[in-house]
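As given, the protein sequences belong to chains A, B, C and D, one line each in that order. Our numbering puts the first sequence at residues 3 to 349. Our numbering puts the second sequence at residues 1360 to 1527. Our numbering puts the third sequence at residues 1071 to 1438. Our numbering puts the fourth sequence at residues 59 to 215. In this text, a Cβ means the ideal position worked out from N, Cα and C, and glycines have one as well. The structure appears below as structure tokens.
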Amino acid sequence: MELVGIFKYLYELLADSGLPEVWVELIGLVAAAVMVFGLLALIALFLVWWERKVSAHIQQRFGPMLTGWHGWRQTIADALKLLQKEDITPTTADRPVYYWAPIIAFVAAFAAYVVIPFGEGLIVADLNVGILFIVAITTFTIISLLMAGWGSNNKYALLGGMRSAAQVVSYEVPMVVSILAVIVFAGSLSMVQIVESQELIYQWYIFRLPFGPIAFVTYIIAATAETNRTPFDIPEAEQELVAGFNVEYSGMKFAMFFLAEFVNVFTVSAIGTTLFLGGWQGPWLPSWVWFFIKTFALVFVFMWFRWTYPRLRVDQLMEFSWKFLVPLSFANLILAGLMKYSGWFNW
Amino acid sequence: MGLIKKLPVYMEKFPGGGLVTTSLNYVFNQSQASSLWYLLFGTACCAIELMATGASRYDFDRLGMIFRASPRQSDLIIAAGTITKKMAPRLRLLYDQMAEPRYVIAMGGCTVGGGPFYYDSYAVEKGIDHIVPVDVYIPGCPPRPESLLEGCITLQKKIKQQKLEDWG
Amino acid sequence: MGGLRTEEFQVNMGPHHPSTHGVCRFILTMDGEVIVRAVPVIGYLHRALEKICENRTYPQCIPVLDRFEYCTAMSCNQVFALAAEKLAGLEVPERAEYLRVIMLELNRIASHLIWFGTTSLDLGAITPFLYGFREREDILDLFEMTCGQRLTYNYIRVGGVAKDIPPEFIPKCRKFLDTFDHKVDDYERVLTENPIFVVRNKDIGIIPPELGISYGVSGPSLRASGVRYDLRRDDPYSIYDRFKFNIPVRQNGDCYDRYMVRIQEMRESAKIVRQAIEQIPEGEITAKVSINFKPPAGEVYSRIENSRGEMGAYVQSPGNSKKPLRVKLRGGSYNQLQIMPELVKGHKIADVVAIMASLDIIMPEVDR
Amino acid sequence: MNRDELTQYLLDKFQDKIELLETGRVEPFFLIKDADYLKSFCREIKEDIKLAADFLCNIGAVDTGERFEVVYNVASIRKKHRFDFKLVMDYEGAEIDSVQEIWAGANWYEREIWELYGINVKNHGNLTRFLLPDDWDQGFPMRKDWDAPDFKRMPEV
């Protein structure tokens, strides 16, 4: 069942209603935005619950059980509770910076979805520089973390913010370079065209030996760091920095950081799916189902990391990026270029 | 919060408004009760039992309770362990840093009333209700994880009886 | 350009901090992420146990001392009972000695499991914490069927033990020991070879043996620095001379070695318990001790090997009194916290956590 | 060395500076007659090859109701023996010498004695409050005659 048909039908209905074209366009865009936003909010809530369940089962527990069937209402309850909490602004805080930080984090997390294809034709806007747009937008998260660290006027938060800035800048490089390797092969920056170039399973970039798997692994490691998750969760290292950059945030502002974190996890998984795992491509099932299956599988991998590994120290983290991942990804990029140029393996 | 407090007053003026406020009340209380994030505050023996309650066999997470390290994000202090005179101002500070609505569980004899350190000790605060308002007392030295769970369920019952009008 | 102007700043770590194992506070002077100076501030759990003991009779002291070191409450019982027995020259029946050894070693395993859990938690791995507590619950079940308590046992009394073990204790204990070795293998699989864990612990917080001895560091923390010194063998108390066990020693004295020593110690303790339940004789479980136990005048310092190092109790009896004149307690953590400022200098803030975890510091032992 | 040899060796070595006490039940227990001699005594027992008391187990003060005693429990890791010694002093002007130079671990034990008993420690260098609250002003709580308004003694049964 392809959803795109339904949307097309609705859009045509709107176009036939006699409204001016500008309005049709606008209403279409707003509707798409609202739909994507709602979907992602749901996904984020689901992911929080899922993470708790996954962690619980890895740890031989049950996780939330009493709030609905297997605790399915748990995150809804959490969100409603956070809504009721008092909103505290520390007296020493830098007010505007403190106020805007979670909002920027939230918006940046959601904005990336403009160019992510959820299925064949299910994309808000197919920009011809799609992947560049995503890389640019996700970088906003760092700014928000820095702002949160600075604005809270708390030493732990500041340390957390500084760490996250250093970390994300370091890992942005291998991540982008590993993405570049794919782009070299696909010959396009548009997400849709990247997906279309991997129609059959052996065309998925993860299976294009030898550069594909290396780029994929580099990407996954860098993405874990980008989303501040264990083993790279030093910005909010609970045992060192209490809660890192969000130590002073309460109530809804904290919820925004919390949701943004999970949306980011979904984003990097979705990008990973699109770039390496063939996006919506797959037999029998509708395209959007394939997309979600692959993305959730990747999300599961991230959760698996989180509940297995200890945390790296901040300098070791930097060393790992600059001394290992960056050279590796650049070498890989050259390899991909050579392969593309020579025409080997170019199936 | 002011808006929510006044909401019932306005709502009652409309037909069916009462129903809306009651169900709103119900939903809010339910969500608050089933998502009590507790502050990681353990000082002595009870902290080990608190950890054991969070671990696999008893599993706090079943009740939707997870720990937060920052007082800003937690709803509940489980004061686990002896509070000494040196520690008492810190407990008050942590309580003040928490966002409303906030709750306190006094876990163990020491926090209820001095416990085994009531006599002959010059350093122990005899009960934390001198310092912060306490919602649930759990006696025991240390209380078993089952009694801690029971205490938390009691707190949930208390939360579920709240009224929107009482907020503030 | 004259270079960037940097400034030292102070971070207050604790007393309420997720990884200070209770309520220890560090005032850290930092230069960026590097620690220049660390000043421990203690006393947030000072409960005046020693003062309380001065106004309690000898049997009454034992439940109070359970709270001295709650992770290994059996040891606290044992060290005080030992002191009182030495004062009065009491002989403890054979079976009671065996029961004591079984309980002490099981308690050592339980304590090391708490250490294992909190260490992994401090390094950011949450799952091993729950694995450690899973096995600990099995041990607590054994304690519970013996004395009815999970944490503060009041089991080892002056002259013997409080109760005999129920008949189902030994089969259950055997079952636990049979699976426990595999469980330790599991723990090792999760952490020992984990590259992140290794890189976080190797060459961090090295204690040179001379410095360690001078500061009074003892137990596993000292054995990791290459000093083969275990009171169970070198100053035998109870009946430890009857069992065969190894004393794990490592040479580097860094966090990783302390980790390895403790992991191996769990296996050795299991070995001791296995031997003890094979050999345990029938008989009395307590010597005749009157409720008005009055040891003659004298003073004694008894010490045992606890999971955190040497645990000692100095007891002075005024003679012809039911109450001790003075009880002074010594815990391994007291000295291990004292050496912390030396160890953390020049390390990162994340290493403070790792070092503290590897020394297995627990605050009631420090503050009393 | 066993107990008797150790006792004899110590008595021979230090002659009239120390005295064997009857109160020690298990290990040899000595009284150091001259408080000023403490530091040299400690240095001697640490540096003597046969004694090699390199490990300081514990330092504790005692208020007997008539006087202060400061008890040192030392052990040797190499020789695997242990013995104790103590100092006796009056309430007035109670003072001990710091032994930090010999055993670095003595620092906190001495600080504790100063804080809880009010026995002054010479050459310590860092006598500040650490177990009691920073604003404590009720004297030295471990003394037998100490009392405070909210301090309750357990009633006799």
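Two segments are said to touch when three or more pairs of C-beta atoms, one from each, lie closer than 8 Å; by this definition the stretch 93–110 of chain D does not touch the stretch 1266–1282 of chain C. A Cβ-Cβ separation of about 7 Å places B:F1400 in contact with B:A1439 under the 8 Å criterion. In terms of beta-carbon proximity, C:D1304 lines the interface with chain D, with at least one pair separated by less than 7 Å. The beta-bridge partner set that DSSP reports for D:D121 consists of D:F126. Following the DSSP letters along the chain, one finds B:D1455 inside the alpha helix (DSSP H) bounded by residues A1447 to Q1456. In this model, C:I1196 and C:P1237 are separated by some 37 Å (Cα to Cα).
For a Cβ distance threshold of 7 Å, residue set C115 and N116 of chain D lies close to C:R1400, ordered along the chain. For D:P199, the C-beta contacts it makes with chain B under 7 Å involve Y1481, in order along the chain.
Counting other Cβ atoms within 10 Å of its Cβ, A:S19 stays below 16 and is therefore classed as exposed. C:V1171: not part of any beta strand (DSSP E); member of the alpha helix (DSSP H) spanning E1164 to D1192, first to last residue.
Of all residues in the stretch 304–322 of chain A, only W309, T310, Y311, P312, R313, L314, R315, V316, D317 and Q318 come within less than 8 Å of chain C when Cβ atoms are compared, listed by chain position. Interface residue (Cβ-Cβ distance to chain B less than 7 Å): A:P66 is classified as such. Around C:V1081, the beta-carbon contacts reaching into chain A at under 7 Å are K157. Burial is judged here by how many other beta carbons sit within 10 angstroms of a residue's own beta carbon; D:H139 has at least 16 and is buried. Of the candidates A:L277, A:A43 and A:E88, A:A43 places its Cα closest to the Cα of A:I78.
About 15 Å separates the beta carbon of C:Y1140 from that of C:M1173, a gap too long to meet the 8 Å contact definition. The secondary-structure analysis by DSSP pairs C:S1387 across a beta bridge with C:G1368.
Counting C-beta pairs closer than 8 Å gives fewer than three between the stretch 1468–1476 of chain B and the stretch 190–202 of chain D, which falls short of the contact rule. Contact with chain B is found for C:I1122, since one of that chain's Cβ atoms lies less than 7 Å from the residue's Cβ. With fewer than 16 other Cβ atoms inside 10 Å of its own Cβ, C:N1362 counts as exposed. Residue state for C:A1232 is assigned as coil, using DSSP reduced to three classes. Take C:F1246, set aside five residues on each side of it, and the residues of its chain with a beta-carbon closer than 6 Å to its own are D1208, in chain order. DSSP lists D:N131 as the bridge partner or partners of D:N116. The beta-carbon distance between C:M1433 and C:C1094, rounded to whole angstroms, is 5 Å. This is short enough to meet the 8 Å contact definition. As DSSP reads the structure, C:R1227 sits in a beta bridge with C:G1230.
The beta-carbon distance between A:Y207 and A:F304, rounded to whole angstroms, is 19 Å. This is too long to meet the 8 Å contact definition. Within the stretch 1438–1462 of chain B, the residues whose Cβ lies closer than 9 Å to some Cβ of chain A are Q1456, M1457, A1458, E1459, P1460 and R1461, listed in chain order. When Cβ-Cβ separations below 7 Å define contact, C:G1382 makes contact with chain D.
Between the stretch 1422–1432 of chain B and the stretch 1442–1450 of chain B there are fewer than three C-beta pairs closer than 8 Å, too few to call the two in contact. If one requires a minimum length of 4 residues, the alpha helix (DSSP H) runs lying completely within the stretch 5–85 of chain A are 5–18 and 23–60, in chain order. Nearest to D:Q73 by C-alpha distance, out of D:F99, D:F141 and D:E85, is D:F99.
Within a 10 Å sphere around the beta-carbon of C:Q1080 sit fewer than 16 other beta-carbons, which makes this residue exposed. If you draw a 10 Å sphere on the C-beta of C:D1251, you find fewer than 16 other C-beta atoms in it, and that means exposed. Between A:A103 and A:A150, the gap from beta carbon to beta carbon is short of 7 Å.
A Cβ-Cβ distance of about 22 Å is found for the pair C:R1293 and C:I1309, leaving them out of contact under the 8 Å criterion. A:A183 has its alpha-carbon roughly 6 Å from the corresponding atom of A:A338.
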